[in-house]
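Some notes on the structure that comes next.
Number of protein chains: 4
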Amino acid sequence: MDFELSARSKDCLQRLGAFMDEHVYPNEQRYREERDAGDRWAEPALIAELQKKARAAGLWNLFLPESTRGAGLTNLEYAPLCEVMGRVVWSAEVFNCAAPDTGNMETLERYGTPEQKRQWLEPLLEGTIRSAFAMTEPRVASSDATNIESSIVRDGGSYVINGRKWWTSGAGSARCRLFIFMGKTDPGAPAHRQQSMILVPRETPGITILRHLPVFGYDDAPHGHMEIEFRDVRVPAANLLLGEGRGFEIAQGRLGPGRIHHAMRLIGVAERALEKMCRRVKARTAFGRPVAEQSVTLERIAESRIRIDQARLLVYKAAWLMDTVGNKAARADIAMIKIAAADTACQVTDWAIQAHGAAGLCEDFELASAYAHARSIRLADGPDEVHRNQIGRLELAKHP
Amino acid sequence: MDFELSARSKDCLQRLGAFMDEHVYPNEQRYREERDAGDRWAEPALIAELQKKARAAGLWNLFLPESTRGAGLTNLEYAPLCEVMGRVVWSAEVFNCAAPDTGNMETLERYGTPEQKRQWLEPLLEGTIRSAFAMTEPRVASSDATNIESSIVRDGGSYVINGRKWWTSGAGSARCRLFIFMGKTDPGAPAHRQQSMILVPRETPGITILRHLPVFGYDDAPHGHMEIEFRDVRVPAANLLLGEGRGFEIAQGRLGPGRIHHAMRLIGVAERALEKMCRRVKARTAFGRPVAEQSVTLERIAESRIRIDQARLLVYKAAWLMDTVGNKAARADIAMIKIAAADTACQVTDWAIQAHGAAGLCEDFELASAYAHARSIRLADGPDEVHRNQIGRLELAKHP
Amino acid sequence: MDFELSARSKDCLQRLGAFMDEHVYPNEQRYREERDAGDRWAEPALIAELQKKARAAGLWNLFLPESTRGAGLTNLEYAPLCEVMGRVVWSAEVFNCAAPDTGNMETLERYGTPEQKRQWLEPLLEGTIRSAFAMTEPRVASSDATNIESSIVRDGGSYVINGRKWWTSGAGSARCRLFIFMGKTDPGAPAHRQQSMILVPRETPGITILRHLPVFGYDDAPHGHMEIEFRDVRVPAANLLLGEGRGFEIAQGRLGPGRIHHAMRLIGVAERALEKMCRRVKARTAFGRPVAEQSVTLERIAESRIRIDQARLLVYKAAWLMDTVGNKAARADIAMIKIAAADTACQVTDWAIQAHGAAGLCEDFELASAYAHARSIRLADGPDEVHRNQIGRLELAKHP
Amino acid sequence: MDFELSARSKDCLQRLGAFMDEHVYPNEQRYREERDAGDRWAEPALIAELQKKARAAGLWNLFLPESTRGAGLTNLEYAPLCEVMGRVVWSAEVFNCAAPDTGNMETLERYGTPEQKRQWLEPLLEGTIRSAFAMTEPRVASSDATNIESSIVRDGGSYVINGRKWWTSGAGSARCRLFIFMGKTDPGAPAHRQQSMILVPRETPGITILRHLPVFGYDDAPHGHMEIEFRDVRVPAANLLLGEGRGFEIAQGRLGPGRIHHAMRLIGVAERALEKMCRRVKARTAFGRPVAEQSVTLERIAESRIRIDQARLLVYKAAWLMDTVGNKAARADIAMIKIAAADTACQVTDWAIQAHGAAGLCEDFELASAYAHARSIRLADGPDEVHRNQIGRLELAKHP
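Residue numbers (my numbering), protein chains in the order written: chain A, 1 to 400; chain B, 401 to 800; chain C, 801 to 1200; chain D, 1201 to 1600.
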C-alpha cells in the first residue's frame, strides 16, 4: 500500500495548481461580474480566454482513461485533479473537464460508432460545443430506470422521440449542441432491455426548453438545469447508441467515472469551505475572545478535517478499484463515494456558513451556493436512499 | 396543567384557518406570478386586496399583548396563530403581523413617546407603511452588541448618524418608510450603556441602499435584506428612543415576543413540509413499492412528528412564561426556542426535499426556499452558538 | 393552556422532594453497600426501612389513576413524581411505584376478577410481594405479538403453560411471587385474538429460572432480568385474565401509563446526569481553563437543557391526552414519548460520561449504568423502529 | 497510489486468518466458560495453549517495527493484522500483541538501557510476564500531563514514588510483573520537563491495588483496570527511563503505534458487529417481512460499510505517514484516527445491538461489551475533545 500519487499525477497536479493560482483564483470576481452583466446563458468571455491558456499549458481533456484521446491518466491519477477543479465551480470547463460533457464524451468514446465519434466526440473534445444528458423525468421516480416513460419509436430510417425531461444540466448553455437522450424502444421487453439511448442534435425540430430549474434559488447559469419537451422529434436511425435495448447497459457503464469526478469535486468544495472557515474564525472576535479560540470552533474544524480526509481516501480507493478490477466489481464503492462525499461537503459548508454569520448566507463567500450544489448531489444520479439500499443489499449478499 | 387553547385563542385560530383556506392557500400561485411579473420590490396587488378582507374578518394586528391597540391576545394565545401564518411565507403581512414591523410596533408601543407613536406607530398599525430594523453590521460580530461601530452623535437639536448596516430585512419594500437604527451615542460609557436607538425616516438624506443580500439565492422580494450606508444622516433629537445609552435595554426588551413569532412560524414551516412529504411519498412508487411503505420514510415522518410536537410545546411554554413571569425570567427559554424551532424546521424541510427528489430543489414545492429561510434563522438575531453559550451559562449558574 | 401543576400534584411533588432529600439521596451509598455486601438478589434492608417511612409520609401507591386504591392522581399529576423517582434508580420501590409491579397492579385493577384482586392486587399494593411480566421470547421478534410461541392450553379445570420467556424483569427479586404470562390459547384464531394472559404463581412446579440477563454488564440486582422456562406449568383456569383471546387487548390497555412512567423516569435520569455534568465541569481545569468555560461544554449543557425540556413537555402532553381523550386517541403520543425520552436520556448521559472522563465509565458517578438503562429502553416494549413505523403510519393516515 | 497490501503483510494476514478460523473463533465459548468458572483474574488455560500454537505458526510479536526483535513489519503492514485481532477481544494476547504490553515493549525497545531490556523486555517478548502503564490519576484531568500529581523523588541510589493512579489497564492480570510509572521528578521545571517515567516491579513494597474499575459493568477480567496506591515505593535509580524530565517526551514517542493498534482493533470490532447485524436481520421476521428487507435496516448496513471503510483507510494512511515521515509529522493524523475509529465502532455496534433486540443488551452476541469497549476509547488516552482541539489548532496553523 502506498499513498503517494504517481509521478504523472503529481506533475499534472502541480501544473494545474499553478494554473489555478495564476489564472483562476484571481479571476473569480471577474467571472461573477461577466456572468451577471450580460446574457446569463452566454459564457463569460473569460472562459474561452482561459481555455486557450489551459490548452497551451497541456491541461486539456485530462479525463478519459484508457483512450488515446485523453491525457492518458487513470481514474486514480485524474481524481486529485478533479478535487482542485472543484474548488472553483466554473473551473473544470477551462480544462474541458466539465460535466456532463465528460460523461457524454466517455459514452461516445466507449459506445459510439466511428461516425458518431467524428460528428460529436471530436468537437466536444475540441471544446467547440457542449452537450447534455436527458434522462430524468418529472412524472416518475427516475432513479428506477424502469419507470422511464419517454419513447423512442422506430419509423423507417428514423427514430421518433417523445417525452418530457427535466434537470437536464448544461442544456442552458448557449453552446449546447447535443442531447444524449434515454427512452424506451420496447416497453414490452424485460425490465432492463426496454431502454435505449440516442443522440439528438439540439436544433432538431420538436424540442422546446420549457423553463430553467433553480437549485435553492440559484439558476446555475450559464450551465443551468432545464425542463424540456420532446415532441415528435425525429432523428436518423444511425443516431442510436450501441443498439436497441442497451440503454440501461450504457447508463451503468457511464456511471463510474462520473461519480469519481462528482465526488472529488465535492472534496474540493469541502476543502475550500474549510479554508474559508479557518480564515474567518481567525479574523473575528466575539465576547472578548477570537472565535478561533472557541472549542466549538476547533471541534468543527477538526471534524471537517477528519471527514474530508476520510472521504477523499474512499474516493481514491474506488478509483483504484475501477482501474484495477473494473466498474462492476467496484459498484458498491462507487455508490458509497457519492453518499460520503456529498454528506461531507454538506456538513463542512454548513459549518462554514455558520462561522461566517449572516455573510455565509449571501454570495460574498460563495458558501450558500456551495451548500446548494453539494445538497443537490444527494439527489443527483438517484437519491442517496437508493444507493444505500444497493450498498446494503450487496453487503447482505456477503453473508448467504 | 392544561394543553387546551383558551377560548379566545381557539376562536381566532378557527377564523384564521378558515381565512387561510378561503383566501390564502388558493392564491399561492397568484402571489408568485404577481411577484415575478412586475417590479419584484413592489408588493403584489394581492396583499392589499387580502388585507382588506382580513381586516373585515377581524384578523388584524393580532399580536401586541398588553395593549389596547392589538387584539388583546397574550403571547401564548397568539402563538398558534403565528404557526398558521408561518405555513405561507407571505401571509403574515395579510394580517399586519409580519416581521420586522411587529417588533418595531412593539418597540414603539413600549418605549415610544406619544408623538413618536402618533407619527409612526399609527400608520404601521394601519398597515399603510412598513419599517425595518437596522442593527447588524458587516464588519463586526454583531451578536455581541458591544462590537457595534455605527455612531449617533448629538449636534444641536439633531443627531447625526453614520454607519454601515446590512441584513436590514424589509428595507427592500417599496412601502418601507422607517428605520429603527442602533448605534453608539457614547463609546466611552460602560459596555451596555454605549448604545442608543433612534427613529430614522427612510427618505432622510444620506441613506443609500447599496445592494440586496440574497439568502441561498433567494432575494426574498419584495421584503428583502439590504446593505445600507448611513452617511451624515441627520434626524431631530426627538427621534431618539427612551434616552441615550438605553439601546441595549430596548434590544433586550424587544427580543422575547419576536422570538415566539419566529419560532412559531418555523413550526408552521415544518408542519407544512411534513404534509408535503406525506402527500409525496403516498404518490410515488420506486422499485416496485410505494415510497410511503419504506421504513426509512416512515422513520423520517415519525421523527418529524416527534420533533415538531416537542418544539411547539417548548415555544408554548416560553410564551406562557413570558406572559406569567416576564421576559427576563424566561430568557433561557426564549433562547432555547430559537435553536429548537430552527433546528426542527431545517431537518424536516431537508427530509421533505429528499422525499421530493430533484423536485425538492426547485420551487415547484417551495421546499428549498423554506429550508433557506429556516437555515437563515440559525444566524438571525445572533448565531445559535451565542444562544447556546448563554443557555449553558444560565444552567451552570443553578449549581453554584 | 397552562403549564402550572395542579395543587394536588405540587403538594405531592413538594413532599416527595423533601423525602428524597432527607431519606433517599443521603442513602445512595448505603444502598450500594448493602446490595453488594450480601445476597445480591435479596433486597437491601434499606428498602423496607424507607418504605415504612414513605407510607407514614403518605407517599405510597401514588400511581393508579381512576381508582380508589391509589393516590387519586391523574396520569398528568403523577408524571412529575415519576421524574423525581427516576433520579435514583431504586427509589420508586420505596414508594411502591416500581415497574413492573405498577403495570401489573394496573392490569389487575382494570381486568382482574374480585378474587384475582384479593389474592394478588392487595399484597402488591401492600408491597408485601412483587411480580413480573413474562411476555418477551428469545426465539422470535416479540414486538410483533403475533410471533409469540408460548402456549396456554386448557385441560379440564386448569391451563397448562409451556414456553420460554426472557427479559422477564423483576423476576430476580427474592420477593417476586407472581408472573403475568402471555401466550397463545388459540393459534388458529385471527392474529390478535390468539393471545391470552394468565396469572402464574412463582412457586408453581415447572418454572425454571435459567439465568439472569445482564444489561451492558449490569445484573440490575436485586431486580434482574431473567430467562425462564415454563414446562407443563399447570394453574387453575380461574387464573386467566379477562378471557381467552383477550391478551392482545390487555397488552394494549396496560401500555399507556407504563410508558408515561418509563419516560418520566428517564427525564429524571437525564436531569440528574445534567446536574452531575454541570458540577463536574465547574470542578475541573484542563490546559489552563476551567472545563466549564469551554464553548463545547456550554453547547452540550444547552442542548441537554433544550432536549430535556422538550421531552418532558411531550410526556406531559401525552399524559394529559390519556387523561382527557384516552389511550387509544393518544396512541401516537404514547409511542412518541418512548422514543423521545430514551433518546434524550441516552444523549445527555453520554455527554455526562464524556465530561467525567474515565470516571464516567465506572460507577463512581453511576453514569454508565444510567446510560445502559436508558439504552435498554430503546429496545424495551418493542424497539424504537417498531414505534416509529406506527407513528409514521398514523401520520400518513391524516392525508388520505 | 496503491491499495494492495505488501506481500509480507498479505502472507501474515492469510496465516493469521487461518489461525483465527482454526483456533480462535471455535474457542470463543470455551474462553468465556474458563474465565467465568474459576478465578477471574487468572488467565484461562486456553491462552497459554493457543500462544504455543501461535508461536509455532510464526505468529508472535508481530508488532514492533524497526526492530529485529519483532516480525519486521512496518506499522502499515501490521495494521490489518490488528484489525483481525480486534474481532475477538482476547485474541491479541494469543499472538503476544496485546495492549498495554505492546506499548510497554516499544517503550523499552526505544528508550530502555541494555540492562532494562534484559530484565523486562525479554520476558515480555517471551510472553512470560505482563505489564501495565500507570499514568492516569483520579484527582486531575490527566489528559493534560502538566496536571500529574504523582511524585518521583531521588533519594540516594533510589527513587521514592508516591501517588494515586487509576485506569491502570492490565494490572488485574495475575501475570502482571511491571509498571511503567509516570510522575514528576521536578515540579519546578518547565511544564513539559517536569515528568519522568520509571520502571516499578509489581512486587515492590508500598503498592496497593485498591479496586478494579468496571467499564459499563464489565470488569474486563483477567485484564482489568485498577486503581492503585503507590506509597513510598522505592526502586533503584537505574530504573528511570531515559533520564529525569523526559517523561513527556517518552509519552509522545509511544503514542503513535498504540493509536494505530487501538484504531485498527476497533475497525475489527466494527466489522464483526456488522457481520452479526447482517446475519441477524436475515434470520428475523417482523410484521410479515424479513427485517433485512426494511429500508431502515439497509440504510444502517450501508452507512456502517461506508464508515468502516473510510475509517480503515484513514488509519492505513496514518500508519503509512508514521512509516514514511514519522510520528511528529503525522500527529494530526494520529489524533484523527482515534476519534474516527471509536466513533465508527460505537455507531456500528449500537446499530448492531438495536438489530438484535434485547439480545443485543446481554452477552449472547457480545455486542454490549463491544460497545462499552469502543465507548471507553473515546476517553482513553485523553478524551476526544482534547484531540479535536489539537487537530483544530494544527489546521488553523496552516492559514497564518
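Idealized CB from N, CA, C, for every residue including glycine.
Measuring only the C-alpha atoms, how far is residue i from residue j?
{"i": "H192/A", "j": "G247/A", "result": "8 Å"}
{"i": "K1476/D", "j": "T1302/D", "result": "29 Å"}
{"i": "A374/A", "j": "L1513/D", "result": "23 Å"}
{"i": "A442/B", "j": "P614/B", "result": "17 Å"}
{"i": "E915/C", "j": "S867/C", "result": "17 Å"}
{"i": "L1250/D", "j": "R1377/D", "result": "21 Å"}
{"i": "P1001/C", "j": "E1044/C", "result": "19 Å"}
{"i": "G1557/D", "j": "L1179/C", "result": "6 Å"}
{"i": "N1589/D", "j": "L524/B", "result": "50 Å"}
{"i": "G872/C", "j": "Y878/C", "result": "9 Å"}
{"i": "P26/A", "j": "F687/B", "result": "48 Å"}
{"i": "S1369/D", "j": "T685/B", "result": "55 Å"}
{"i": "A1437/D", "j": "V1091/C", "result": "37 Å"}
Establish whether the CB of residue i and some CB of chain C are separated by less than 9 Å.
{"i": "A294/A", "result": "Position check: residue 294/A holds Gln in this sequence, whereas Ala was assumed. So yes, Q294/A belongs to the interface."}
{"i": "T297/A", "result": "yes"}
{"i": "V681/B", "result": "yes"}
Does any C-beta atom of chain A lie closer than 9 Å to the C-beta of residue i?
{"i": "N1347/D", "result": "no"}
{"i": "V691/B", "result": "yes"}
{"i": "S1504/D", "result": "yes"}
{"i": "Y618/B", "result": "yes"}
If you compare alpha carbons, which of the options is closest to residue i?
{"i": "R1531/D", "options": "I337/A, A302/A, Q347/A and A345/A", "result": "A302/A"}
{"i": "K338/A", "options": "A1555/D, G1526/D, A1552/D and I1506/D", "result": "I1506/D"}
{"i": "S151/A", "options": "R231/A, L108/A and L274/A", "result": "R231/A"}
{"i": "S1495/D", "options": "V24/A, D384/A, M226/A and E34/A", "result": "D384/A"}
{"i": "A456/B", "options": "P690/B, L476/B, N496/B and G486/B", "result": "N496/B"}
{"i": "A1483/D", "options": "A273/A, A355/A and P400/A", "result": "P400/A"}
{"i": "G188/A", "options": "A237/A, T146/A, A7/A and L394/A", "result": "T146/A"}
{"i": "L1312/D", "options": "L1399/D, E1283/D and R1500/D", "result": "The question names Leu, yet the displayed sequence has Gly at residue 1312/D. Answer by Cα proximity: L1399/D."}
Return no unless some Cβ of chain B is closer than 9 Å to the Cβ of residue i.
{"i": "L1167/C", "result": "no"}
{"i": "C1078/C", "result": "yes"}
{"i": "T349/A", "result": "no"}
{"i": "L396/A", "result": "no"}
{"i": "A273/A", "result": "no"}
Report yes or no: is there a C-beta of chain D within less than 9 Å of the C-beta of residue i?
{"i": "Q195/A", "result": "no"}
{"i": "S173/A", "result": "no"}
Handout entry: Runs of alpha helix (DSSP H) wholly within the region 82 to 170 of chain A (minimum 4 residues, chain order)
Key = 91 to 94, 101 to 111 and 122 to 126
Problem - Three CB pairs or more closer than 8 Å across the region 1393 to 1408 of chain D and the region 1457 to 1471 of chain D - result: no
Handout entry: Inter-stretch contact at 8 Å, needing at least 3 Cβ pairs: the region 1413 to 1429 of chain D / the region 1371 to 1378 of chain D
Key = yes
Handout entry: Contact between the region 75 to 91 of chain A and the region 153 to 166 of chain A (3+ Cβ pairs under 8 Å)
Key = no
Exercise for the section: Kindly confirm or deny that the region 502 to 513 of chain B and the region 454 to 471 of chain B touch, where touching means at least three C-beta pairs closer than 8 Å. Expected result: yes
Practice task
Specify whether the region 417 to 437 of chain B and the region 1141 to 1156 of chain C touch according to this definition: at least 3 beta carbon pairs, one from each stretch, less than 8 Å apart.
Solution key: no
Exercise for the section: Note down, one range per segment and in chain order, each alpha helix (DSSP H) of at least 4 residues found wholly within the region 719 to 798 of chain B. Expected result: 731 to 755, 768 to 777 and 784 to 796
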